[in-house]
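S.K.: The numbers in UniProt numbering rise by one with no breaks, and the one at position 118 of the sequence shown is 118.
Cβ coordinates follow ideal geometry from the N, Cα and C atoms, glycine included.
Please read all numbers here as calculations on a predicted model, not as lab measurements.
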Amino acid sequence: MTATLGGLGSLILLVLFGSVVPVVPTGAAVSGAAALAAHQHPVTVVLVVIAGAIGAYAGDLATYGMLGWGGERIARRLHWLRGAQRVGRVSTRVREGHVSTLLVSRLIPGGRVPVLLAAAVAGLAWRRFAVANAPASLLWSVLYAAIGVLGRAIFPEPWQSVVAAILLVVLVSQGLSWLSRRRALPDNPAATP
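Shown next, in the form of structure tokens:
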């Protein structure tokens with residue numbers, strides 16, 4: 001039991017760190033932990049979901065706090081505020097569809113920080129963000145844990161399901177990233193007759 005609690009604590013810290021420093025593959029960590037938990041004791045998967053959600057939630061609160069403190073300066077430094085329309089569109093989406101916008105931003109690679117930045121720059125209240133982000137963090141954790149459990153259902157060995165879950169998360173993330181870059185590219189006028 002101590003090993004399980006230590007593993008869950010480590011998962012919380014890893015996801016929290018990855019939420020603040022978005023280079024750590026937090027979805028892969030939750031999927032891998034869920035795949036391993038499903039092999040050991042299926043009820044532990046629920047604890048993995050909770051640990052992933054706690055880490056994501058705490059990390060998002062920390063990131064939102066930092067962006068709220070220096071958001072406009074950061075946005076200007078990144079040239080993200082070139083068009084005030086972009087910030088307005090994203091902040092409107094966050095205000096109107098709190099959970100769905102926050103959830104989608106968590107699922108798209110590189111999408112969470114710009115949405116949090118837009119919400120912070122637009123002045124979305126801390127309390128409102130905290131309430132809207134809780135279900136988004138939980139749904140995110142459930143989704144990635146489900147990927148891990150799916151890997152467990154397909155592969156008989158724990159290491160195989162962990163590797164499969166991580167690979168699936170990486171492939172899906174890269175595919176979504178490729179799609180968003182592809183959509184952002186302007187049409188090539190030289191290619192049209």
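Which term fits W140, buried or exposed, when burial requires 16 or more other beta carbons within 10 angstroms of its beta carbon?
M.R.: Buried, because 16 or more other Cβ atoms sit within 10 Å of the Cβ of W140.
S.K.: Cα-Cα, which of G175, V131, S10 and L167 is closest to L107?
M.R.: Checked all of G175, V131, S10 and L167; the closest Cα to L107 is G175.
S.K.: Comparing C-alpha positions only, which one of L16, F129 and A51 sits nearest to G6?
M.R.: It is A51 whose Cα lies nearest to the Cα of G6.
S.K.: Are the region 33 to 40 and the region 110 to 127 touching by the rule of at least three beta carbon pairs closer than 8 angstroms?
M.R.: No: fewer than three Cβ pairs fall under 8 angstroms.
S.K.: Using only the alpha-carbon positions, how far apart do L81 and T63 sit?
M.R.: Below a pLDDT of 50, predicted positions are generally treated as unreliable, and L81, at 49, falls in that range; the measurement from the model is reported next regardless. Straight-line Cα distance between these residues: approximately 19 angstroms.
S.K.: Ordered along the chain, which non-local residues of its own chain (more than five positions away) have a Cβ less than 7 angstroms from that of L16?
M.R.: Correct list, in chain order: G55, A58 and G59.
S.K.: Assign A130 to buried or exposed, taking buried as 16 or more other Cβ atoms, counted over all protein chains shown, within 10 Å of its Cβ.
M.R.: By the neighbour-count rule (16 or more Cβ atoms within 10 Å), A130 is not buried but exposed.
S.K.: Just checking my contact of V149 with A34 at CB under 8 angstroms: how many whole Å lie between their CB atoms?
M.R.: Confirmed, about 6 angstroms.
S.K.: Measure the beta-carbon distance from V24 to A145 and round it to whole angstroms, keeping in mind my assumption that it falls under 8 angstroms.
M.R.: Wrong, their Cβ atoms sit about 17 angstroms apart, outside the cutoff.
S.K.: Using the Cα positions of V48 and L61, report the straight-line distance between them to the nearest angstrom.
M.R.: Spanning the two alpha carbons is a distance of roughly 20 angstroms.
S.K.: Classify G124 as helix, strand or coil using the three-state DSSP reduction.
M.R.: Before going further, note that residue 124 is Leu rather than Gly in the sequence given. Coil, per DSSP.
S.K.: CB L103 to CB P135, shorter than 9 angstroms?
M.R.: Yes, the Cβ-Cβ distance between L103 and P135 is below 9 angstroms.
S.K.: Check this for me: beta carbons of T26 and L8, under 9 angstroms apart or not?
M.R.: Not closer than 9 angstroms, so no.
S.K.: Report the three-state DSSP secondary structure of G18 (helix, strand or coil).
M.R.: Residue state, collapsed to three classes: helix.
S.K.: Taking just the CA atoms, how far does L171 sit from A132?
M.R.: Computed Cα separation, rounded: 28 angstroms.
S.K.: Just reading off the alpha helix (DSSP H) that G27 is part of, what are its end residues?
M.R.: Where G27 is concerned, the enclosing alpha helix (DSSP H) stretches over T26 to Q40.
S.K.: For T4, collect the residues of the same chain with a Cβ closer than 7 angstroms to its Cβ; drop the 5 residues on either side in sequence, then sort them by chain order.
M.R.: These residues qualify, in order along the chain: T44.
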